[in-house]
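Residue numbers (our numbering), protein chains in the order written: chain E, 1 to 285; chain B, 1001 to 1285; chain R, 2001 to 2285; chain P, 3001 to 3285.
Note that beta-carbon positions come from the ideal geometry of N, C-alpha and C, so glycine has one too.
Quick caveat, the model's predicted, so the values are computed rather than measured.
First up is the structure itself, then whatever we jot down about it.
Protein chains: 4
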Amino acid sequence: MQPLSGILTISCPDRKGIVASVTSFLAQHGANILEANQHSDLADKAFFMRVQFELDGMDLDRDTIGPAFAEVAGSFEMQWQLHFSDRPKRMAILVSRLDHCLYDLLLRQKAGELVAEIPLIISNHPDMEPVAHNFGIPYYHLPVGKTNRAEQEAKIAALVEEHQIDVIILARYMQVLTPFLVQKYPNRIINIHHSFLPAFVGGRPYHQAYERGVKMIGATSHYVTEELDQGPIIAQDVTQVSHRDSVEDLIRKGRDLERLVLARAVRAHLEDRVLTYGRRTIVLE
Amino acid sequence: MQPLSGILTISCPDRKGIVASVTSFLAQHGANILEANQHSDLADKAFFMRVQFELDGMDLDRDTIGPAFAEVAGSFEMQWQLHFSDRPKRMAILVSRLDHCLYDLLLRQKAGELVAEIPLIISNHPDMEPVAHNFGIPYYHLPVGKTNRAEQEAKIAALVEEHQIDVIILARYMQVLTPFLVQKYPNRIINIHHSFLPAFVGGRPYHQAYERGVKMIGATSHYVTEELDQGPIIAQDVTQVSHRDSVEDLIRKGRDLERLVLARAVRAHLEDRVLTYGRRTIVLE
Amino acid sequence: MQPLSGILTISCPDRKGIVASVTSFLAQHGANILEANQHSDLADKAFFMRVQFELDGMDLDRDTIGPAFAEVAGSFEMQWQLHFSDRPKRMAILVSRLDHCLYDLLLRQKAGELVAEIPLIISNHPDMEPVAHNFGIPYYHLPVGKTNRAEQEAKIAALVEEHQIDVIILARYMQVLTPFLVQKYPNRIINIHHSFLPAFVGGRPYHQAYERGVKMIGATSHYVTEELDQGPIIAQDVTQVSHRDSVEDLIRKGRDLERLVLARAVRAHLEDRVLTYGRRTIVLE
Amino acid sequence: MQPLSGILTISCPDRKGIVASVTSFLAQHGANILEANQHSDLADKAFFMRVQFELDGMDLDRDTIGPAFAEVAGSFEMQWQLHFSDRPKRMAILVSRLDHCLYDLLLRQKAGELVAEIPLIISNHPDMEPVAHNFGIPYYHLPVGKTNRAEQEAKIAALVEEHQIDVIILARYMQVLTPFLVQKYPNRIINIHHSFLPAFVGGRPYHQAYERGVKMIGATSHYVTEELDQGPIIAQDVTQVSHRDSVEDLIRKGRDLERLVLARAVRAHLEDRVLTYGRRTIVLE
């Protein structure tokens, strides 16, 4: 059993004394630091930090840490968030007809690798309903056609609100979201794209890769922004291919990449390790 | 000491009996096959083969193998080439001001990893002259300005002819070749591009990679065609990067990639393992 | 729908004319070769080949190919096998309490990545029964204690015979098999060991890796022989770790390796791509 | 031009307030932190830190920082070291007859990738003298026979003292050092072993790897201790091999691994990123 811990994530302009102020605040209140990571972007004079600390032994409780920290935060113009380890994030999975990423997330969550609650699975197809059923998770079938996209996205948004969802995972959800949903959840929608972005943006990336004759294929997990496949990248990986691989082989090999890369990105997000900065991410691990 | 061997490379439409015909031809003439690789592109009904065989024990010699094989070749509409292991390819290296790929090629050739003769090094800058001198290789300084490009490329072509060059390596040669040179040596000019193509085509790919916030950088070695960075890819590789890496770090990490990927491509070419097919390569290893 | 094909695997002493004889035999009988791979071990003068060919168009059928080929085989002292693509191998999975390799094999089989029938799952624990149930596969619970090992292995052997099993997969089956079973199925039992063999033979390899302070962990899939963890290696892979990784982190990261490496080995075996040669394997892909 | 910076490395028992104390000390004296990394080993309650800070703007100079910090250090029982960026480490390279690691280190130093002075190269063979000469580095030929080992190691030690060497690199130096030298320079002698340790300890690891039929080969860089190939590992990497690779191929492929892994370890050491902890290293990057 992990002890109850707090996780503080911070972004601010870089200047002297930030680490000292944050860690002194924690030390003064009796906190034991479990893990601390920080990054200074020397080019842009920006500072990023994630610090995880035990609550046991502190003279503050979960309701008073934030207000007490606000004073430190204010003096450094920090954007900050405070999370607690006993409040796992609530994750909605959106999927179409391919089951490999869905299974992968569900099995990793079951194994404790992904610490999250999964209150619902949403799909534009009925195919994955039996999988959801096996894992005891409610399944919402919201088919998307030419005329009902806005309507169905409104339903998705309503479900997300109702279930107090923290993060939406597009686990090979083959619909482009409209700005309505994307703007509603900045840095809270994670997609897996089946290419090494920025190569092969858009549709059918394995076919594009085959045509171009590349010797490696990749997968990219990123936050969704309004511009297709242009959001901040959280994780990427590649694998070797050769002239012997048909498009079907690329698709097969790519499935393993997609699963691993998406899982890595989701895990980092769930652990509050991902800070975004313009088009880039800082992954503090 | 390796025994004298012949290397036959073949491209033709796929149909029944090709492997049998080629290997029976060799068997009938007493050849011992050292290595044979073939590939059938089932989608396009195309066939590719590389077979390496000992000459010792054959009832044909190096001058009569080709004519004898022509009959087999004709019946299958083969494009084919015959090389001999005691005639290493002659390689010209073009370089600008960065020494890492140049040193790498020279050291690998010296170590016997790259079996080739290097009769000359050509550069648009004087900087690498001492390196060439250390390795005892003539160095031609052909500076390229706004007005003399055609003239200098004509000199390059003259040197290539004079020295009976088989393959030209652009080892970080920072000039775009004109169609004149490119058309003259199809599939005989190998470039190293410092990105995972087709991502980050063109100039300053490490800067582009930094701006996009990718989590891996790559290098690509390809034959040069008239369309910039679009030629058939021979080899690619990538390495992990993170938010901690500045552009300078990407450049440093990329140097190792560039060396390894270029060396892999050059080695495959020198061993007659690379067949091109439209925009793609078949690398028979 | 793949066309019906035959797969011929061959091992024999290396000499002139083998490839010609095999491919001429196929050509004479009208076979179209889909894929052919061969390897000559020059040091040991040994020859290995795998050739896959379409039956459609041949003047032999599946019952007469073997007898007809026997003559070619005899003249080269070949050990050979002939398989047909419409007779997938029958695979028994043995598992203990960890579900990740089991799920992985079942999902890949369901997705068509592993072409095999799975008539039964055997375990020394009851835990995986619901998984087997979800996939509609009979589950045999054969607990192993200090006194009943021989008896339970006899039951396993009986089930293997009864269900005409071709290959046994130890998907994190945490029992050392006795020579009785191992000798019965040479090169037909595949294990996944959670280290980069030959490092960390035996129990608790992740703990051993942690203690030694290695910077990468690995997984190895191999055929089971009488000597523990010493059988011919089919596939291996590694992943990076660091001082930040606890033993639990190594176990978590290792799960992905185990799944990928086991799946790769099983796939190669199911496609008749693995030939063994002393302690080594030839994987013809 | 990098600004002058100090690098403080710290090991101590883990307890509350360490990071706060260290960073507050720096903040109070006006230091700007460029990079800070720390690690808490939760199992062993041990703490490790590396912090790099600019001297410009501090109210202490290079002579007074250490004494001022001693007070902080004392209260936490720290083992600590303070280095300055304008005092690059002095590195001796020991080499036998293989040139690839030697060239690699020299070229990286020349390119600024390895910030170090190289006052001398020592070898038990004369072969590398021309390389040393090309790079303008004094070369000491100290041949080692059956009877003069102690004598030659005494000469090595004398040279190391005379040239105020900080770190000794065994760049494929094919002599086992005696305890005399090893004990003299704990955590200051770096070796490259051409296997993925702990696999294939001792001599001829590529031959061992070939015999065992592994599917990947590796290289390991470690500090030298009295027990052969058992010192704390700094860096490791691997590459794929197959049945097609002869021992000579493994040796060739291994050369690239050896160079990359040794360079990574040396760079980490030169930047004071490696702390040792029993048999393990903490590499703070």
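Interface annotation, Asn3134 (chain P): in contact with chain B, CB-CB separation under 8 Å. For Asn2134 (chain R), the secondary structure class from DSSP, reduced to helix, strand or coil, is helix. In summary, the residues of the segment 2224-2253 of chain R whose CB is separated from some CB of chain E by less than 9 Å are Arg2244, Arg2252, in the order they occur in the chain. DSSP links Phe3200 (chain P) through a beta bridge to no other residue. The beta carbons of Ala1219 (chain B) and Leu1257 (chain B) sit about 4 Å from each other, so the pair counts as a contact at 8 Å. Counting C-beta atoms within 10 angstroms of its own C-beta, Ala3020 (chain P) has 16 or more neighbours from the protein chains shown and is therefore classed as buried. Counting only unbroken stretches of 3 or more residues, the beta strand (DSSP E) elements lying wholly within the segment 82-112 of chain E are 89-95, in sequence order. Taking every protein chain shown into account, the CB of Gln1183 (chain B) has fewer than 16 other CB atoms within 10 angstroms, so this residue is exposed.
Bounds of any alpha helix (DSSP H) do not take in Thr3178 (chain P), whose DSSP letter is neither H nor E. Distances from the alpha-carbon of Leu2098 (chain R) to those of R:Lys2016, R:Pro2126, R:Gln2240 put R:Pro2126 closest. No Cβ-Cβ contact shorter than 8 Å links Leu3082 (chain P) with Ala3263 (chain P). Counting only the Cα atoms, Thr2064 (chain R) lies some 56 Å from Leu1170 (chain B). In the pairwise beta carbon analysis, the segment 1024-1044 of chain B is classified as touching the segment 2035-2054 of chain R: at least three pairs are separated by under 8 Å. Nearest CB-CB separation between Gly2202 (chain R) and chain P: not below the 8 Å threshold. The beta-carbon distance between Val2247 (chain R) and Tyr2206 (chain R), rounded to whole angstroms, is 6 Å. This is short enough to meet the 8 Å contact definition. According to the DSSP assignment, Ser3011 (chain P) belongs to the beta strand (DSSP E) that extends over 3005-3013. Residues of the segment 3013-3036 of chain P with a C-beta atom less than 9 Å from some C-beta of chain E are Asp3014, Arg3015, Lys3016, Gly3017, Ile3018, Val3019, Ala3020, Ser3021, Val3022, Thr3023, Ser3024, Phe3025, Leu3026, Ala3027, Gln3028, Gly3030, Ala3031, Asn3032, Ile3033, Leu3034, Glu3035, Ala3036, listed in chain order. According to the DSSP secondary-structure assignment, Gly2218 (chain R) is paired through a beta bridge with R:Val2238. One Cα belongs to Asp166 (chain E), the other to Pro67 (chain E), and the distance between them is close to 22 Å. Within the same chain, His2029, Ala2068 come within 7 Å of Leu2060 (chain R) by CB-CB distance, once the 5 residues on both sides are set aside. Annotated as proximal: Ser96 (chain E) and Asn124 (chain E), with beta-carbon spacing under 8 Å.
Your pair Pro1198 (chain B) and Ala199 (chain E) checks out as a contact, with CB atoms roughly 5 Å apart and the cut at 8 Å. For a Cβ distance threshold of 9 Å, nothing in chain R lies close to His3125 (chain P): the least Cβ distance comes to about 29 Å.
Here Arg1108 (chain B) is buried: its Cβ has 16 or more other Cβ atoms, across all protein chains shown, within 10 Å. Residue environment: Lys2089 (chain R) is assigned as buried (16 or more neighbouring CB atoms within 10 Å of its CB, all protein chains considered). Taking all protein chains in view, the Cβ of Phe3025 (chain P) is crowded by 16 or more other Cβ atoms within 10 Å, so the residue is classified as buried. One finds Phe1196, Ala1199, Val1214, Met1216, Gly1218, Val1238 in chain B with Cβ atoms closer than 9 Å to the Cβ of Phe196 (chain E), taken in chain order. Pairing Met1058 (chain B) with Ile1010 (chain B) gives a Cβ-Cβ distance that is not under 8 Å. In the same chain as Leu250 (chain E), and ignoring 5 residues on each side of it, the C-beta atoms closer than 7 Å to its own belong to Tyr206, Ala209, Tyr210, Ile217, Val241, in chain order. Here DSSP, grouped into helix, strand and coil, assigns Ala1263 (chain B) to helix. Annotation: Cβ neighbours of Gln1038 (chain B) in chain R (cutoff 8 Å, chain order): Ala2036. With respect to chain P, the C-beta atom of Asp1041 (chain B) has no partner C-beta closer than 8 Å. Counting C-beta atoms within 10 angstroms of its own C-beta, Gln52 (chain E) has 16 or more neighbours from the protein chains shown and is therefore classed as buried. With respect to chain B, the C-beta atom of Arg279 (chain E) has a partner C-beta closer than 8 Å. Using a Cβ-Cβ cut-off of 7 Å, Glu1054 (chain B) is close to nothing in chain P; its nearest Cβ partner there is about 17 Å away.
For Ile1065 (chain B), there is no enclosing beta strand (DSSP E); the enclosing alpha helix (DSSP H) has its first and last residue at 1065-1075.
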